[in-house]
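Colleague:
Put into structure tokens, the structure is as follows:
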């Protein structure tokens with residue numbers, strides 16, 4: 567398969583594929599860096615944190631998926647592929663709304679999962695230990711930047727915004743600033759996911 571054919575195949579699926587890859591890399595690679603080894607206990611603890619985080623964020627995920635349907639309806643953005651946006655030939659459809667809601671919930675969960683993994687890095691850094699002993703990165707004596715919890719959501723949001731705009735197969739200027747702004751706002755909801763999950767857990771103990 568030539569590069570151009572691969573890009574043509576990959577573009578429509580780029581957002582879910584890359585977000586899944588980021589989540590998988592975070593879950594598989596980060597915990598051993600924090601705890602020092604890749605054992606069953608390490609991944610069991612990781613899964614426990616993920617279950618708590620995802621169960622906490624589900625109300626927010628559903629709210630984001632459902633309450634952002636007006637973005638789809640007005641044609642300024644969607645969590646699903648751009649092909650679901652309404653046009654003069656194909657007006658707003660229920661199937662498009664379902665795809666948008668499903669993708670939105672999935673992406674919020676993905677952002678929360680990466681942020682939840684980042685909690686381990688926050689704990690390691692705040693305790694004065696080196697959170698990256700396996701690769702020899704320098705220690706972080708103090709957090710003078712957004713914590714890894716927040717960074718996880720920002721990474722997922724950045725990947726979503728960049729690839730979602732790329733999926734339109736047009737330049738940013740050709741898309742129009744309403745579409746660009748709408749996509750960025752949708753990404754901002756993803757970036758906030760880990761913080762919201764922590765707040766819900768702290769407030770209600772889900």
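Residue numbers (the numbering used here): 567 to 772. The C-beta atom is built at its ideal place from N, Cα and C for all residues, glycine as well. Quantities reported herein were computed from a predicted structural model and do not represent experimental measurements.
(1) Could you work out which residue in 611, 642, 581 is closest to residue 594 when comparing CA atoms only?
(2) So the candidates are 735, 722, 647, 664; which of them puts its Cα closest to the Cα of residue 683?
(3) State the start and end residues of the unbroken alpha helix (DSSP H) segment that holds residue 651.
(4) Can you give the Cα-Cα distance for residue 671 and residue 753, rounded to whole angstroms?
(5) Does DSSP put residue 744 in a helix, a strand or coil?
(6) One question on the structure: do residue 657 and residue 718 come within less than 9 Å of each other, judged by their Cβ atoms?
(7) Where does the unbroken alpha helix (DSSP H) through residue 726 begin, and where does it stop?
(8) How many Å lie between residue 641 and residue 628 at the Cα?
Modeller: On the basis of the supplied data:
(1) 611
(2) 722
(3) Neither: residue 651 is in no alpha helix (DSSP H) and is coded neither H nor E.
(4) 12 Å
(5) helix
(6) no
(7) 714-733
(8) 20 Å
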